[in-house]
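The opening position of the sequence shown corresponds to residue 3 in this note's numbering, with each subsequent residue numbered one higher.
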Amino acid sequence: MKLSPHVAQQSVLWGNKMKLKLAALGLALGLSVPTVAWAAQADEAPLVTKSGTIGAPASGKGQVVFFRTGSMMGAALGCTVHEGDKQVARLGSGKYYVVEAEPGVHLYNTRGEAKDEITLEVEEGETYFVRCNIGMGVMAGRANLSPSDRATFAERGKKLKMWEPNEEKAEAK
C-alpha cells in the first residue's frame, strides 16, 4: 500500500512527536530511553556523494535534501521543485540539491502534467530527505515528491551529483 506524500509526511511528523512523548515519559519514570538514536543526527558522519559531502545544517537552520536517482524512467525529464513560486531545485537524473530552511512549516511542490506537493515541518538542526520520482503520465512523465530517509540517501547518494543552479544557463548557451 502506497501512502500519498501528505499522509506519509503526517505519519513521519506523528512518529517524531510520539518519540518525543515516549522519551519524556521514560525520563519521568527514570527509564533508560533510546533518545540518543533519535537525537544523534548532529553527530552522524557526513553523507558522501559524487560532488562531496553533506554535513549538518547551519546553526539555527534545518535542511532538506531533494534527490532523484538515475533511472531509465523519465531520464530526459527534469523534476523542478518549488516553494511557493520560487524554484528551489531542478533535478535531472542522478542529481541532488540541499536547501537550507528556516525552522517551521514548508510546502514544496512540482508542477507539470499534474501538481504534487509535500509539507515538511522543519526543525532546527534536522536534515530531511525528499525523493523525486518520475512516473507515467498521460502525455508526459509526472514528478512525484515522497519522503525518504538518511539510510536510503546514504546508499544512493554515492552515485549522485549536486545540481548547480548555473547549470541551466551553461546548457542554454
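We treat Cβ as the ideally placed atom computed from N, Cα and C, and that holds for glycine.
Grab me the residues of Gly72's own chain with a C-beta within less than 6 Å of its C-beta, minus the 5 sequence neighbours each way, in chain order. If we look at Gly72 and ignore the five residues flanking it on each side, its Cβ neighbours are Ser95 and Gly96.
What are the start and end residues of the beta strand (DSSP E) that includes Glu123? Asp118 to Val124
The beta strand (DSSP E) that contains Arg70, what's its start and end? Residues Gly64 to Arg70.
Skipping 5 residues on each side, what residues in its chain have a beta carbon closer than 8 Å to that of Gln89? Thr82 and Val83
Classify Glu173 as buried or exposed, calling it buried when 16 or more other Cβ atoms lie within 10 Å of its own Cβ. Its pLDDT being 47, under 50, Glu173 is placed unreliably in this model, and the value from its coordinates should be taken loosely. By the 10 Å Cβ count, Glu173 comes out exposed.
Identity of the residue in Phe68, Ile120 and Pro105 nearest Gly127 by Cα: Ranking the options by Cα distance to Gly127, first place goes to Pro105.
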